[in-house]
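So the sequence shown is numbered by the working numbering: it starts at 41 and just counts up by one.
Every residue gets a Cβ at the ideal spot worked out from N, C-alpha and C, and that includes glycine.
One structure is given here, and the rest of the page talks about it.
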Amino acid sequence: METVLIVDDEKNYLVVLGAFLSGEGYETLTADSAQHALEIVETTDLDLVLTDMKMPTMDGIELLKRIKQKVPDLPVVMMTAYGTVEKAVEAMQLGAFNFILKPFQNETLKQVIHKAVSTYGILKENRRLVQALESRYRFDNIIGKSKPMQAIFDIILKVAHTKTTILTTGESGTGKELIAKAIHFNSPRRNKPFVAISCAALTETLLESELFGHEKGAFTGATAMKKGRFERADGGTLFLDEIGEIPVSLQVKLLRVLEEMSFERVGGTRTIAVDVRLIAATNKDLKAEVQQHRFRKDLYFRLNVVHIKLPTLRERPEDIPLLAAYFGTRFAQESNKGEITFSPEAMRFLCNHRWPGNVREFENAIERAVLFSNGQEITPDDLPKDLVSFTDLEIPIDWQKLSNLPETLDAIEKKLIQNALSLSNNVQSRAANLLGIPRANLQYRLKKYNIV
Ligand SMILES: Nc1ncnc2c1ncn2[C@@H]1O[C@H](COP(=O)(O)OP(=O)(O)OP(=O)(O)O)[C@@H](O)[C@H]1O
Ligand SMILES: [Mg+2]
Numbered sequence: 041m042e043t044v045l046i047v048d049d050e051k052n053y054l055v056v057l058g059a060f061l062s063g064e065g066y067e068t069l070t071a072d073s074a075q076h077a078l079e080i081v082e083t084t085d086l087d088l089v090l091t092d093m094k095m096p097t098m099d100g101i102e103l104l105k106r107i108k109q110k111v112p113d114l115p116v117v118m119m120t121a122y123g124t125v126e127k128a129v130e131a132m133q134l135g136a137f138n139f140i141l142k143p144f145q146n147e148t149l150k151q152v153i154h155k156a157v158s159t160y161g162i163l164k165e166n167r168r169l170v171q172a173l174e175s176r177y178r179f180d181n182i183i184g185k186s187k188p189m190q191a192i193f194d195i196i197l198k199v200a201h202t203k204t205t206i207l208t209t210g211e212s213g214t215g216k217e218l219i220a221k222a223i224h225f226n227s228p229r230r231n232k233p234f235v236a237i238s239c240a241a242l243t244e245t246l247l248e249s250e251l252f253g254h255e256k257g258a259f260t261g262a263t264a265m266k267k268g269r270f271e272r273a274d275g276g277t278l279f280l281d282e283i284g285e286i287p288v289s290l291q292v293k294l295l296r297v298l299e300e301m302s303f304e305r306v307g308g309t310r311t312i313a314v315d316v317r318l319i320a321a322t323n324k325d326l327k328a329e330v331q332q333h334r335f336r337k338d339l340y341f342r343l344n345v346v347h348i349k350l351p352t353l354r355e356r357p358e359d360i361p362l363l364a365a366y367f368g369t370r371f372a373q374e375s376n377k378g379e380i381t382f383s384p385e386a387m388r389f390l391c392n393h394r395w396p397g398n399v400r401e402f403e404n405a406i407e408r409a410v411l412f413s414n415g416q417e418i419t420p421d422d423l424p425k426d427l428v429s430f431t432d433l434e435i436p437i438d439w440q441k442l443s444n445l446p447e448t449l450d451a452i453e454k455k456l457i458q459n460a461l462s463l464s465n466n467v468q469s470r471a472a473n474l475l476g477i478p479r480a481n482l483q484y485r486l487k488k489y490n491i492v
């Protein structure tokens, strides 16, 4: 329950307003002077101050100034009589949330207070999330309070100080490289190189020479000796990305190197020994690749000593508000914007999207939203237009029994409309926007399908 402090020197007013706001579901406190109000502000966790402007000894403006010094973000709404509008303008400049002219309708008061309290609520929730990020929901730059992420934090802690080979798997953008770096930088090897190489981008010959290096004259164009990634990673960590793409013939060679931790450069005869910790990553199902004989079983077992399987973002929706706060704060700082919050509607969009590109896609969406937002609050208008992908919606249709085309299409249409409404918080104009139809058209369909 939100707590509202009402300040007025007229006791009748306190009684009437107190009763009204209690009836609206607020916890109410009252003060009949600004001095008394300040004492309460200092000792109580408030959500709003509603204060009269004209009071003896200390007036509303002075009270506002002092509150802003003590609790800068606490919203203050001024009540002001007709004829003191200049004062109201001054109050707004001093940081009042809003003002209402006396005498006012209860409905007006209700709306102003609701807006102030909910805006402050979002701000506080955002701070809570940012604070949570400093605790157990964060491991280096990896964010996650969900069970699978917490389990991954545990694994990292257990394996970081060892030399164990690690296989990280997961869809694109789930954080495989991030995890690899976290392991490296939490290991005794942190001051030695972290060397990454993608096995996908290169031809077999080039990949071999990239991994193991080559001697001068080893092949046409090898004009000088070149050290490979294994050598450069000596003492540190080698991250073999997209290991599922490595050609079978190289797999044999890699296995030998991993077992002996020594190799020869391409075109060379001298055996070079290294001390390298290996982390491999893939978004392929390596087990299936083994069954299809595209990946060697023995290499698979050699790599899969510890397996870290990263969850997709849609498998851990509870992490989305946390990630939003994390990236929101980071990009706001980078672009010199103040504190950024997300409107409940925007947050709903973020939570409902399927994020096929996982955290990478999410991160980009937030960066763009922060850049393009006009104010401190991210709204759905700041988010990418394709955020709601209707093709992913589950539609309850029994494909076997499909007989009547118009009826089936109607069922699909009804489902799409209901989803659009729920995603847009029942704001019809926005739902119509999402569906790409004029609002009148939507209203016609709401009637047709009897959707309330
Ligand atoms: N849990 C997380 N918390 C914070 N940021 C994350 C998290 N997971 C991923 N990221 C960020 O998302 C982006 C993509 O992560 P990363 O490059 O590690 O993914 P990947 O699994 O290697 O993807 P790909 O398979 O496409 O190479 C990076 O900017 C990374 O910092
Ligand atoms: Mg990667």
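Ligand 1 heavy atom lying under 7 angstroms from the CB of residue i
| i | result |
| --- | --- |
| glycine 284 | no |
| glutamate 447 | no |
| isoleucine 348 | no |
| serine 212 | yes |
| asparagine 181 | yes |
| lysine 185 | no |
| valine 399 | yes |
| glutamate 329 | no |
| leucine 363 | yes |
| glutamate 64 | no |
| glutamate 126 | no |
| glutamate 244 | no |
| glutamate 403 | yes |
Closer than 7 angstroms: residue i CB and nearest ligand 2 heavy atom
| i | result |
| --- | --- |
| lysine 203 | no |
| aspartate 281 | yes |
| alanine 321 | yes |
| glutamate 217 | yes |
CB contact check: residue i to chain B, cutoff 8 angstroms
| i | result |
| --- | --- |
| glycine 184 | As a matter of chain content, chain B is missing from the structure shown, which is built from one protein chain. |
Residues that DSSP places opposite residue i in a beta bridge
| i | result |
| --- | --- |
| isoleucine 348 | Thr208 |
| glutamate 250 | For glutamate 250, which the question treats as bridged, DSSP gives no partner whatsoever. |
| lysine 267 | Gly253 |
| phenylalanine 382 | Ile418 |
| arginine 317 | Thr277 |
| isoleucine 46 | Thr70, Leu90 |
| phenylalanine 225 | Answer by DSSP bridge pairing: none, since phenylalanine 225 is not bridged. |
| phenylalanine 234 | Thr277 |
Same chain only: Cβ atoms within 7 angstroms of residue i, ignoring 5 sequence neighbours per side
| i | result |
| --- | --- |
| glycine 284 | Thr322, Lys324, Leu326, Glu329, Phe335 |
| leucine 169 | Pro361, Leu362, Ala365 |
| aspartate 274 | Val314, Asp315, Val316 |
| serine 62 | Thr68 |
| asparagine 344 | Leu207 |
| glutamate 250 | Ile237, Leu242, Gly268, Arg269 |
| asparagine 138 | Val117, Val152, Ala156 |
| glutamate 82 | Lys110 |
| lysine 150 | Glu64 |
| alanine 460 | Ala471, Leu474, Leu475 |
| arginine 354 | Arg394, Trp395 |
Sequence-distant residues of its chain with Cβ nearer than 8 angstroms to residue i (five each side left out)
| i | result |
| --- | --- |
| threonine 352 | Gly210, Glu211, Thr214, Trp395, Asn398 |
| proline 287 | Glu244, Leu247 |
| serine 429 | Confidence at serine 429 is low in this model, with a pLDDT of 47, below 50, so the placement of that residue is unreliable and no value is reported for it. |
| methionine 301 | Ala313, Val314, Asp315, Val316 |
| methionine 41 | Gly65, Tyr66, Glu67 |
| isoleucine 457 | Ala471, Leu475, Leu482, Arg485, Leu486, Tyr489, Ile491 |
| leucine 78 | Leu103, Arg106, Ile107, Lys110 |
| glutamate 407 | Phe367, Phe371 |
| isoleucine 101 | Met93, Lys127, Glu130, Ala131, Leu134 |
| valine 56 | none |
Neighbourhood of residue i by C-beta distance below 6 angstroms, restricted to the same chain and skipping five residues each side
| i | result |
| --- | --- |
| leucine 298 | Arg342 |
| valine 346 | Val199, Thr204, Ile206 |
| alanine 172 | none |
| glutamate 417 | Thr381, Ser383 |
heavy atom of ligand 3 below 7 angstroms from residue i C-beta
| i | result |
| --- | --- |
| phenylalanine 144 | Among the ligands present in this structure, namely ligand 1 and ligand 2, ligand 3 is not found. |
- Item | Inside the stretch 90 to 169 only - beta strand (DSSP E) runs reaching at least 3 residues | The DSSP assignment places complete beta strand (DSSP E) segments of no fewer than 3 residues inside the stretch 90 to 169 at 116 to 121, 138 to 142, in order along the chain.
- For the stretch 167 to 200, which segments carrying the alpha helix (DSSP H) assignment without a break, of at least 4 residues, lie completely within its bounds, in sequence order? The stretch 167 to 200 is shown to contain whole alpha helix (DSSP H) runs of 4 or more residues at 187 to 199, in chain order.
- Flag this pair as touching only if the stretch 176 to 188 and the stretch 222 to 239 have three or more C-beta atom pairs under 8 angstroms; answer yes or no. Short answer: they touch.
- Item | Any 3 or more C-beta pairs closer than 8 angstroms across the stretch 403 to 412 and the stretch 443 to 458 | Verdict: no, contact absent.
- Any chance the stretch 185 to 205 sits against the stretch 284 to 295, with 3 or more Cβ pairs inside 8 angstroms? With the cut-off at 8 angstroms, the stretch 185 to 205 and the stretch 284 to 295 do not touch.
- Message: Please give the ranges of any alpha helix (DSSP H) in the stretch 284 to 342, keeping only runs that are unbroken, at least 4 residues long and fully inside the region.
- Response: Listed in chain order, they are 288 to 300, 326 to 331.
- Query: Are at least three pairs of beta-carbons, each pair with one atom in the stretch 85 to 97 and one in the stretch 121 to 130, less than 8 angstroms apart?
  - Reply: Remark: three or more beta-carbon pairs, one from each stretch, lie closer than 8 angstroms, so the stretch 85 to 97 and the stretch 121 to 130 are flagged as touching.
- Message: In chain order, what are the residue ranges of uninterrupted beta strand (DSSP E) at least 3 long that sit wholly in the stretch 454 to 487?
- Response: Whole beta strand (DSSP E) segments, 3+ residues: zero.
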